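Visitor: Protein chains in written order, with the working numbering: chain W, 1 to 358; chain D, 1001 to 1515. The beta carbon of each residue, even a glycine, is placed where N, CA and C say it ideally should be. None of these values were measured; they are calculated from a predicted model. First, the structure itself, so that you have it in front of you.
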Amino acid sequence: MITFIPRDKVSKNWIIIAPILSIVFTIFFGLLIFTFLGYNPLETLYQIFVSPFSRIDRISDILVKACPLIIIGTGLMLCFKSNVWNIGAEGQFIMGALLAGFIALSFPNIETKFFLLITILAGFVGGALWAFIPAILKTKLNVNEILVSLMLVYVAMLFIDFIVRGPLRDPMSFGFPLSKPYPEGALINKIPFPGIGFLGQLHYGILFVFLLVPISWIFVNKTLGGFKINVLGSAPQAAKFAGFKQNSITITVLLLSGGLAGVAGVIEVSANIGQLQPEVSFGYGFTAIIVAFLGRLSPVGILFAGIIIATVKLGADNAQMTMGIPKVVTGLFEGILLFFLLTGETLQKYKIKWSEGK
Amino acid sequence: MEKKELDILLKATKICKSFGNFVANQNIDISIAKGQIHALLGENGAGKSTLVKIFYGVLQPDSGSIEINKQKISITSPNIARKNGIGMVFQHFSLFPALTVAENILIALDNKIKFNKVVNEITKLSKEWELFVDPLKLVSELSVGEKQRVEIIRCLMQNPSLLIMDEPTSVLTPQEIKNLFKILKRLASSGCSILYISHKLEEIIELADEVTILKSGKSIASIDAKKTTTNFLAETMVGKKITELKKTIKSKSKKIAFEVKNLDKPKDHEFGISLTNINLQVNYGEILGVAGIAGNGQVELMEILSGEINCEDNDQILLDKTPIGKTNINERRKLGIETIPEERTLHATVPNLTLNENTFLTYFFKYSNTKSWITNLLNNPKNSSDESTKIIKNNDVRCPETNPLASQLSGGNLQKFILGRSLANNPKVAIFSQPTWGVDIGAATAIRQKLLDLSQSGKAVILISQDLEEIFELSDKICVINEGVLSEIFDVREITATDVGLLMGGKNKKMEPIK
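Given below as structure tokens:
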């Protein structure tokens, strides 16, 4: 039987060595797998790990891809820290995008960028409302939030599908399930750099991330609200003893995480798509769960985890485009990377002991 | 005591076991004769439980050897222990509440037999040993004493030659203890050895033939229990003279501080306890002791008294004659009511937070609404660092480093911190549940002295405790909780330990309540 024994002290050196070793192991096993499958192993690794960094516009694409992951992951962090398991960020992302889209399309001629504040707020409300359903069911009827939030993802997917095929379909779209394009006031522009022009898809939405990370750090570490979340997650009884209201914390973190997922939805659609379509998310809501845990449920950690995951995703795209390596294979590679990163983190904190017997 | 070589059932030599840096057992030698009742005595954390877990195969020793009937064996699992005739009754019962007695015993048996046969066997054994239980009853419907009988029967089914009992009396009433001792003595005279773990001295003198005393992981003495005194045992166990509590004669106050009236609360989950018609009152300058065996509604009572759960009716709790039943825990703290729940980690404190943060846990409201909005917004644990340092200093809380995590403190030091945190708020009414449970004698004495001092300075104290000695030592008035019902309140001079024991066991003794 294998038992995990907590280490007395986490060695400072291993905090640095462990992630490096994890990457080395990942590369090693990656090489093995790619060789077995008949792909040029070194070139594959280059595509996955190096090519996303090979040009400055590609680096900015990493940021663009990481942007929704970090925003959603930060919201999920608040939930997971307080032992509330919101698995439905994908649905909240969609509903945020949808409500913001509805508002945007209701004012087809608006041009002022201040309108963005309204659509982003609408996105927050849309996502928060969708998260309010599991919140109220959990606190009033003790219904498991994992189940409800997950199921609502599929409801949201089908709902946006219905909306863009029905009520909001652009009559000029030649039968495609697409809405009208957003008005100028609801679009997030790319950032122009003097002398260079645009850097890939880099857009103003990224500023939201740079605002969100420090704010969430202060919230978690320096405010009573963050303290409440921490106590509730570590010891619910102690939270009662302190007089914290468990239900209102649960509802608050679900509304915040749903709202942030909704904002991520607005930014994604307003910056990269510009209209509503049946597919707006590409799994950001689910990937962000990994980002939140890989970032050890800390705001700065989530920033880095978002960038790592985004890099590998883009690298996988590159490998598919240039070498024809199917997504499943690069998916396998992502799995190996996660496995070793998490193993490294676990072994920092625990030693393994093999004991005899059953 | 002399023992013939032949008579020795179990002999352990130089047993060592450590967990990380903590040495739980260090070169422990012990030998148990056939048919002997051998007591293992020591304070909490002396290594008793570790040693018997090694005998029962739950833990493996780092070094040392164990012989049974002069055969050297290694006990790598409880299975092997049972095959060698070793049975154990744990301190915390390992029974499934939703299954019947017979089902519980059936699933624990190593060789599978038919259900009917198990039922017959249980009936036979329970008659033979006067361990009366109904094999078809659900375990959740049994009393604590009955549950223990189930555990003993489960061991007896295996025909053990050694029965290990880990602090079996800590959950029993005096009457149940007497019965248990009768059974154990009969078992021993029939040839089954018993290894009996306890830190209660009288019990050991009454029951045991030989006693081995453990202190900080070492066996420091093996003595004939028939030729020793409780004082000698206590001094050997603690290693120093026990300091007496300082009690001054106090003037009686007649002013009622805190009152509970006709309080009912239905249980909130299947295995909880409903509180029925609770009435109590405590005067300033008085300690009211609430005795009772664990699991009789103390936790539920504490939730209501502390304000973690509100009363249905505001008039059900009165402070200085003012109704406060619907106030929450922080409002009650502001009114001067301080409470300590029995669960030290995870309820009174958060283990993975620092002491500073744990102070903030019950102090945070003090810093809000006092300064500008920005300081209100940034109300964080740093605010309570001065108070935290003071609590640590004034209460002799020994920390391994400045501002350690709560989990780094020993039970006694953590409890001193928790008590200090409450007292620093200068409460009018203090309601403390099991304040010395599982705490070493030094810290327990310090805590008890603090409670006495508190009442002597004119404050009202309610002490909920399962330690009868403590109740009698500290209280001015005593009542007993049993299955969610609180007895009348008696003056400490008008009630004996036997009476309290009967009340704890549910027998409602008719006595004249004090006016």
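1) Along chain W, which residues have their Cβ under 9 Å away from the Cβ of H1347 (chain D)?
2) Using C-beta distances below 8 Å, list every residue in its chain close to F132 (chain W), excluding the 5 sequence neighbours before and after it, in chain order.
3) How far does the alpha helix (DSSP H) with N1356 (chain D) in it extend, from its first residue to its last?
4) Using three-state DSSP, classify Y284 (chain W) as helix, strand or coil.
5) Could you tell me how far apart the beta carbons of V1089 (chain D) and V1133 (chain D) are, in whole angstroms, since I believe they sit closer than 8 Å?
6) Between the Cα of M1 (chain W) and those of D:P1266, D:A1188, D:G1047, D:T1076, spot the shortest distance and give me the residue it belongs to.
7) Touching or not, the segment 86-95 of chain W and the segment 126-143 of chain W, by the rule of three or more beta carbon pairs under 8 Å?
8) Taking 8 Å as the limit between beta carbons, can you name the residues of its chain near P192 (chain W), skipping five residues before and five after?
9) Flag F227 (chain W) as yes if its beta-carbon sits less than 8 Å from any beta-carbon of chain D, otherwise no.
10) Name the DSSP bridge partner or partners of W354 (chain W)?
11) With 16 other CB atoms within 10 Å as the buried threshold, where does N230 (chain W) fall?
12) Per DSSP, what kind of secondary structure is N1027 (chain D) in: helix, strand or coil?
13) With burial defined as no fewer than 16 other Cβ atoms inside 10 Å of the residue's Cβ, what is the status of K983 (chain D): buried or exposed?
14) Use the C-beta contact count for W354 (chain W): other C-beta atoms within 10 angstroms, 16 or more gives buried, fewer gives exposed.
15) Tell me whether E1512 (chain D) sits in a helix, a strand or coil according to DSSP, three-state version.
16) Report the residue ranges of all alpha helix (DSSP H) runs contained in full by the segment 1280-1326 of chain D; include only those spanning at least 4 residues, in chain order.
17) Decide if the segment 1117-1127 of chain D is in contact with the segment 1065-1074 of chain D; the criterion is three or more beta carbon pairs, one per stretch, under 8 Å apart.
18) Look up L187 (chain W) in the DSSP assignment and say whether it is helix, strand or coil.
19) Assign H1092 (chain D) to one of two classes, buried (16 or more other C-beta atoms within 10 Å of its C-beta) or exposed (fewer than that).
20) Mind pulling the chain D residues with CB within less than 9 Å of T223 (chain W)?
21) Please identify the residue among D:N1380, D:T1354, D:Q1158, D:L1195 whose C-alpha is closest to the C-alpha of Q1034 (chain D).
22) Drop a sphere of 10 angstroms on the beta-carbon of T1578 (chain D), count the other beta-carbons inside from all chains shown, and report buried for 16 or more, exposed for fewer.
23) Following the continuous alpha helix (DSSP H) through Y154 (chain W), name the residue where it begins and the one where it ends.
24) Determine the direct distance from the alpha carbon of F293 (chain W) to that of G285 (chain W), and round the result to whole angstroms.
25) Let me see if you follow: with CB-CB separation under 8 Å, is V1461 (chain D) close to chain W or not?
26) Apart from the five residues on each side of it in sequence, which residues of its chain come closer than 7 Å, Cβ to Cβ, to L1201 (chain D)?
27) What did DSSP end up calling C1192 (chain D) once you bin it into helix, strand or coil?
28) Can you have a look at A1497 (chain D) and say buried or exposed, based on whether 16 or more other CB atoms are within 10 angstroms of its CB?
29) Could you check where the alpha helix (DSSP H) with M95 (chain W) kicks off and where it finishes?
30) Whole angstroms is fine: what's the gap from I1153 (chain D)'s alpha carbon to E1121 (chain D)'s?
31) For a contact defined as C-beta to C-beta under 7 Å, what are the partners of V1350 (chain D) on chain W?
32) Any C-beta of chain W within less than 9 Å: which residues of the segment 1350-1365 of chain D qualify?
33) Taking just the CA atoms, how far does N189 (chain W) sit from D57 (chain W)?
34) Name the residue from D:F1490, D:K1416, D:T1445, D:L1214 whose alpha carbon lies nearest to the alpha carbon of E1470 (chain D).
35) Is it right to say T311 (chain W) is buried, meaning 16 or more other beta carbons lie within 10 angstroms of its own, or is it exposed?
36) Report yes if the CB atom of L314 (chain W) is closer than 8 Å to the CB atom of T26 (chain W), and no otherwise.
Guide: In short:
1) Within the second sequence, numbered from 1, the residue matching residue 1347 (chain D) stands at position 347. Chain W residues near H1347 (chain D): A235, Q237, A238, K240, F241.
2) Residue 132 (chain W) sits at position 132 when you count from the first residue of the first sequence. Here the set comprises I251, L254, L255, G258.
3) Along the second sequence, one-based indexing puts residue 1356 (chain D) at 356. Where N1356 (chain D) is concerned, the enclosing alpha helix (DSSP H) starts and stops at 1355-1363.
4) For the purposes of this step, residue 284 (chain W) is taken as residue 284 along the first sequence, with counting starting at 1. DSSP places Y284 (chain W) in helix when its eight states are reduced to three.
5) The residue labelled residue 1089 (chain D) in the question sits at position 89 within the second sequence. The residue labelled residue 1133 (chain D) in the question sits at position 133 within the second sequence. About 14 Å separates the beta carbons of V1089 (chain D) and V1133 (chain D), which is beyond the 8 Å limit, so they are not a contact pair.
6) Along the first sequence, read from residue 1 onward, the residue named residue 1 (chain W) stands at position 1. Closest by alpha carbon: D:T1076.
7) yes
8) Position 192 of the first sequence, counting from 1, holds the residue named residue 192 (chain W). Excluding positions up to five away in sequence, the list reads F198.
9) Here residue 227 (chain W) refers to the residue found at position 227 of the first sequence. True, the Cβ-Cβ gap to chain D drops below 8 Å.
10) Residue 354 (chain W) sits at position 354 when you count from the first residue of the first sequence. Answer is W:I2.
11) Numbered from 1 along the first sequence, position 230 holds the residue referred to as residue 230 (chain W). Classification for N230 (chain W): buried.
12) The residue labelled residue 1027 (chain D) in the question sits at position 27 within the second sequence. Three-state DSSP puts N1027 (chain D) in a strand.
13) Because residue 983 (chain D) is not part of the residues shown, which for chain D are 1001 to 1515, the question remains open.
14) Along the first sequence, read from residue 1 onward, the residue named residue 354 (chain W) stands at position 354. Exposed, since its Cβ has fewer than 16 Cβ neighbours within 10 Å.
15) Numbered from its first residue, the second sequence carries residue 1512 (chain D) at position 512. Reliability fails at E1512 (chain D), whose pLDDT of 42 lies under 50, so the model's placement of it is uncertain and the value that follows must be treated cautiously. Three-state DSSP puts E1512 (chain D) in coil, outside helix and strand.
16) 1298-1306
17) no
18) Counting from one through the first sequence, the residue named residue 187 (chain W) turns up at place 187. Coil at L187 (chain W), not helix or strand.
19) On the second sequence, residue 1092 (chain D) is found 92 positions in, with the first residue counted as 1. Burial call: exposed.
20) For the purposes of this step, residue 223 (chain W) is identified with residue 223 of the first sequence, where counting begins at 1. Within 9 Å Cβ-Cβ: L1377, L1378, N1379, N1380.
21) Indexing the second sequence from 1 puts residue 1034 (chain D) at position 34. Note that residue 1034 (chain D) is Lys in the sequence shown here, rather than Gln. The candidate whose alpha carbon is nearest that of K1034 (chain D) is D:L1195.
22) Any property of residue 1578 (chain D) remains undetermined from this structure, which presents chain D solely from 1001 to 1515.
23) Here residue 154 (chain W) corresponds to residue number 154 of the first sequence, with the count starting at 1. Looking at the DSSP string, the run of the alpha helix (DSSP H) that includes Y154 (chain W) is 145-165.
24) Here residue 285 (chain W) refers to the residue found at position 285 when the first sequence is read from its first residue. Here residue 293 (chain W) refers to the residue found at position 293 when the first sequence is read from its first residue. The alpha-carbon atoms of G285 (chain W) and F293 (chain W) are separated by roughly 13 Å.
25) For the purposes of this step, residue 1461 (chain D) is identified with residue 461 of the second sequence, where counting begins at 1. No - not a single Cβ of chain W is within 8 Å of the one on V1461 (chain D).
26) Position 201 of the second sequence, counted from the first residue, corresponds to residue 1201 (chain D). Result list for L1201 (chain D): T1230, L1233, A1234, in chain order.
27) The residue labelled residue 1192 (chain D) in the question sits at position 192 within the second sequence. C1192 (chain D): coil per DSSP, three-state reduction.
28) As a first step, residue 1497 (chain D) is located in the second sequence; it is residue number 497 there, counting from the start. So A1497 (chain D) counts as exposed.
29) Counting from 1 along the first sequence, the entry for residue 95 (chain W) is found at position 95. Note, M95 (chain W): alpha helix (DSSP H), 89-106.
30) Within the second sequence, residue 1153 (chain D) is the residue found at index 153, counting from 1. Within the second sequence, residue 1121 (chain D) is the residue found at index 121, counting from 1. One C-alpha to the other measures close to 10 Å.
31) Residue mapping note: residue 1350 (chain D) aligns to position 350 of the second sequence, counting from 1. Going along chain W in sequence order, the residues near V1350 (chain D) (Cβ under 7 Å) are V231, S234, A235, A238.
32) V1350, P1351, N1352, L1353, E1357, N1358, F1360, L1361, T1362, F1364, F1365
33) Here residue 57 (chain W) corresponds to residue number 57 of the first sequence, with the count starting at 1. Here residue 189 (chain W) corresponds to residue number 189 of the first sequence, with the count starting at 1. One C-alpha to the other measures close to 16 Å.
34) Taking the first residue of the second sequence as position 1, residue 1470 (chain D) is located at position 470. The shortest Cα separation from E1470 (chain D) among D:F1490, D:K1416, D:T1445, D:L1214 belongs to D:T1445.
35) Along the first sequence, read from residue 1 onward, the residue named residue 311 (chain W) stands at position 311. Answer is buried; the Cβ neighbour count reaches 16.
36) What you label residue 314 (chain W) is simply residue 314 of the first sequence in a count that begins at 1. What you label residue 26 (chain W) is simply residue 26 of the first sequence in a count that begins at 1. No.
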